[in-house]
Amino acid sequence: MSGSTSTQTAHAIQARRQHTEKLLARVQDALAAMRKERAAVTVRAVERRAGVSRAFLYQNATARQLVAEAVAQAEGRQARSRQETVEAVEASWRERALNAEDALRQAVTEIQTQRRHIGELMGRIRDLERDLSADAVQRLTTENTTLKQQLRTLAADHHTLTNRLAAARDNNRSQDRKIAELQALLLEQQPPASLRPLRPLRDHT
Numbered sequence: 052m053s054g055s056t057s058t059q060t061a062h063a064i065q066a067r068r069q070h071t072e073k074l075l076a077r078v079q080d081a082l083a084a085m086r087k088e089r090a091a092v093t094v095r096a097v098e099r100r101a102g103v104s105r106a107f108l109y110q111n112a113t114a115r116q117l118v119a120e121a122v123a124q125a126e127g128r129q130a131r132s133r134q135e136t137v138e139a140v141e142a143s144w145r146e147r148a149l150n151a152e153d154a155l156r157q158a159v160t161e162i163q164t165q166r167r168h169i170g171e172l173m174g175r176i177r178d179l180e181r182d183l184s185a186d187a188v189q190r191l192t193t194e195n196t197t198l199k200q201q202l203r204t205l206a207a208d209h210h211t212l213t214n215r216l217a218a219a220r221d222n223n224r225s226q227d228r229k230i231a232e233l234q235a236l237l238l239e240q241q242p243p244a245s246l247r248p249l250r251p252l253r254d255h256t
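Position in the sequence shown counted from 1, then plus 51, gives you the numbering used here.
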């Protein structure tokens with residue numbers, strides 16, 4: 052009689068162990084699928100996806116650890132994603148400011164070159180005006196007028212680029228402030244409830 056009881060007990064223990072292993076396998080499969088889908092990991096979500104009870108997720112030490120680790124990993128991925136977004140925005144605004152500065156430097160160089168050319172032509176006109184024919188003087192005068200028009204155009208472009216650079220710098224400073232505020236918020240933010248250690252439920256019966 053005692054031998055039969057022991058056998059039944061052993062069978063019951065073995066059956067319970069196998070059932071627990073099946074439930075753990077379902078939890079692992081559910082967590083793997085959620086990681087692949089980058090879905091939010093919570094106890095409620097794992098409960099639905101794995102088809103297990105919430106009591107099992109809390110009371111079984113292995114299941115509790117699996118869920119806690121998955122939650123921590125998911126939160127880590129989200130934090131990295133937010134940081135990457137912040138860095139991408141910052142890089143975009145910095146690149147725009149650098150491009151505006153390059154264009155402004157090129158415009159300034161071109162203006163200086165044109166001014167030197169105009170000065171040289173004016174000097175040639177003054178020095179050679181007595182010896183030049185009327186047609187030559189007219190050609191030099193026309194060329195000088197054309198250069199002056201180009202200079203006015205370049206000056207207008209310079210003004211436009213200066214305004215763009217100022218706007219880009221203002222936007223960059225604004226983005227820097229927003230980024231600093233976001234980084235401070237991320238550092239100061241308390242971990243969400245889903246990251247809190249999972250504790251086994253107490254039996255109040």
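In this text, a Cβ means the ideal position worked out from N, Cα and C, and glycines have one as well.
Each residue's CA atom was taken as its position, placing A148 and A219 some 5 Å apart. Rounded to the nearest angstrom, the gap between the Cα atoms of R77 and E135 is 33 Å. Rounded to the nearest whole angstrom, the CA to CA distance from I64 to K87 is 35 Å. Where R89 is concerned, there is no enclosing alpha helix (DSSP H), because DSSP gives it neither an H nor an E. Per the coordinates, the alpha-carbon of V122 lies some 13 Å from the alpha-carbon of A81. Burial state of R105 is exposed, judged by a 10 Å Cβ sphere holding fewer than 16 other Cβ atoms. Exposed is the label assigned to M173, since fewer than 16 other Cβ atoms lie within 10 Å of its Cβ. Comparing alpha carbon positions, the residue from R167, R100, L155 closest to L75 is R100. Take the alpha-carbon of R156 and the one of L216: they are about 11 Å apart. Pairing V92 with A125 gives a Cβ-Cβ distance under 9 Å. Per DSSP, reduced to three states, the secondary structure at G102 is coil, with no helix or strand assignment. DSSP places N111 outside both helix and strand once states are collapsed to three, so it counts as coil.
Taking a cut-off of 8 Å for Cβ pairs, the region 189-204 and the region 165-172 touch, as three or more such pairs fall below it.
Taken atom to atom, the span from the alpha-carbon of K229 to that of N222 is near 10 Å.
Taken atom to atom, the span from the alpha-carbon of T58 to that of R89 is near 46 Å. Burial state of N150 is exposed, judged by a 10 Å Cβ sphere holding fewer than 16 other Cβ atoms. Across the structure, K73 and R67 are spaced so that their CA atoms are roughly 10 Å apart.
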